[in-house]
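Asker: Sharing a structure, written as structure tokens. Questions coming.
Numbering (the numbering used here), first residue to last: 85 to 304.
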């Protein structure tokens, strides 16, 4: 086993949620009467903490308007996803297979704790992950603090972990602590954009992960 720990991003890597996020952001902006951001602008910031994402996609919002937006966004996203938080095909089976194979599993996400907990419980995955960390509990990606906290909790160093994600924010935070990283090509950011952060490879389907991990390679 090359790595002891596999750290997954959530939205866009395990959960097919990009369309919900984009629609909720745009609808919430319309609800409170501010300029609706372009779909591509929203897609680009998926993976950041909510405050950081909105600051990038909607920089004209003042604090009062931002707080109104957050309330509207959470209502919109909850309505859209309460019965539809779709795991990518095969994701559950892959996670269970990797857990049974002896890997430690973690989540590092920009998603809020309440939203993550709800989906983990409803999908019966809350006991699969050894550690989960959300942006609201630490510092948003691409700052690597959440990765350091996960490693510290498991008493591991960065060479023991592999970060798996669909955005440059996932790859950059891993690169900043010299952690190996693997990109998925089916999420928010394009393959060309992801390639700038030098992942070890690309997955076009999460179901390919066990076979990819089985390829002999050196760590680091």
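The C-beta atom is built at its ideal place from N, Cα and C for all residues, glycine as well. Every value quoted in this text rests on a predicted model; they were computed, and no experiment measured them.
1. State the DSSP-derived secondary structure class of residue 178, mapped to helix, strand or coil.
2. Go through the region 171 to 240 residue by residue and report every complete run of the alpha helix (DSSP H) that reaches 4 residues or more, in order.
3. When burial is assigned at 16 or more other CB atoms within 10 Å of the CB, is residue 285 buried or exposed?
4. Short of 7 Å in beta carbon distance, which residues of its chain neighbour residue 120, apart from the five on each side in sequence? Order them along the chain.
5. When you compare only the Cα positions, how much space is there between residue 196 and residue 271?
6. Please go through the same chain and pick out, in chain order, the residues whose beta-carbon is closer than 8 Å to the beta-carbon of residue 200, but skip the five residues on each side of it.
7. Which partner residues of residue 267 appear in the DSSP bridge assignment?
8. Could you pull the start and end residues of the alpha helix (DSSP H) that residue 297 belongs to?
9. Under DSSP, the beta strand (DSSP E) around residue 130 begins and ends at which residues?
10. Pick helix, strand or coil for residue 105, following the three-state DSSP scheme.
11. What are the start and end residues of the alpha helix (DSSP H) that includes residue 99?
Answerer: On the basis of the supplied data:
1. To locate residue 178, count along the chain shown from 1; it is residue 94. Residue 178: helix per DSSP, three-state reduction.
2. 175 to 184, 197 to 206, 229 to 238
3. Position 201 of the chain shown holds residue 285. Per the 10 Å Cβ criterion, exposed.
4. Here residue 120 is taken as the residue at index 36 of the chain shown, counted from 1. Correct list, in chain order: 110, 113, 114.
5. For this step, residue 196 is matched to residue 112 along the chain shown. For this step, residue 271 is matched to residue 187 along the chain shown. Cα to Cα, the separation comes out at about 19 Å.
6. If you number the chain shown from 1, residue 200 lands on position 116. For residue 200, where only same-chain residues beyond five positions count, the Cβ hits under 8 Å are 94, 191, 193, 216, 218.
7. Numbered from 1 along the chain shown, position 183 holds the residue referred to as residue 267. DSSP output for residue 267 lists 249, 286 as bridge partner(s).
8. Start at 1 with the first residue of the chain shown, and residue 297 comes out as number 213. Start and end: 293 to 297.
9. Indexing the chain shown from 1 puts residue 130 at position 46. Looking at the DSSP string, residue 130 is not in any beta strand (DSSP E), and its letter there is neither H nor E.
10. By one-based count along the chain shown, residue 105 stands at place 21. It is helical.
11. Locating residue 99 in the chain shown gives position 15, counting from the first residue. That residue, residue 99, is in no alpha helix (DSSP H); it is neither H nor E in DSSP.
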